[in-house]
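Asks: Residue numbers (my numbering): 43 to 225.
Glycine included, each C-beta is placed from N, C-alpha and C at the ideal position.
From a predicted model like this one, the values you see are computed outputs, not experimental measurements.
1) Roughly how many angstroms lie between the CA atoms of residue 224 and residue 72, to the nearest whole one?
2) Per DSSP, what kind of secondary structure is residue 204 in: helix, strand or coil?
3) On the three-state DSSP scale, how would you describe residue 145?
4) Mind listing, in chain order, the continuous alpha helix (DSSP H) runs of no fewer than 4 residues lying wholly within the region 177-201?
5) By a C-beta neighbour count over all protein chains shown, 10 Å radius and 16 as the cutoff for buried, is residue 101 buried or exposed?
6) How would you label residue 98, buried or exposed, when you count the other beta carbons within 10 angstroms and need 16 or more for buried?
7) Does the Cβ of residue 124 have 16 or more other Cβ atoms within 10 Å, making it buried, or fewer, making it exposed?
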């Protein structure tokens, strides 16, 4: 597996950890507890900054190279590329909703908030699962060294502000909770 694919897979593993934190917050709402809205806002901010602006464009470059070599998953590639266009708006809307709840600009019942969180999680998981189960294996078995050189030339390397070497201050609490999950 090429290093870029290994990195993308690790991004998915990391995102799954964040989605687990969101699930825990939704679970708190379901049992009458208080969800940590600031934590959820930070998670949404990370997804917007990293997944939507860095991770997905890197995948788009790979998908274009893959599509030029194979039409085996043409409909899956098309659907994922469309999701890459739609997911940033979904993330912004989710983050905006949380901001509005925090600022008392939106009044939602516990159930409504839980449903919104769950819908966001489900959309993210469905996207990840399609990439991991359907497309990534095809990419790994199809692209050759020349293809990977083309991909490498079309993508920029960026540091992950939560899971990379330099932790962004805003994500310190999220990072602490992710590390506690490991223990």
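Replies: Reading off the structure:
1) Start at 1 with the first residue of the chain shown, and residue 224 comes out as number 182. Start at 1 with the first residue of the chain shown, and residue 72 comes out as number 30. One C-alpha to the other measures close to 24 Å.
2) To locate residue 204, count along the chain shown from 1; it is residue 162. Coil.
3) Mapped onto the chain shown, residue 145 falls at position 103. Residue state, collapsed to three classes: coil.
4) 178-184, 187-196
5) Stepping through the chain shown from its first residue, residue 101 is reached at position 59. Label assigned to residue 101: buried.
6) What you label residue 98 is simply residue 56 of the chain shown in a count that begins at 1. Residue 98 is buried by the Cβ-count criterion.
7) Taking the first residue of the chain shown as 1, we reach residue 124 at position 82. Counting C-beta atoms within 10 angstroms of its own C-beta, residue 124 has fewer than 16 neighbours from the protein chains shown and is therefore classed as exposed.
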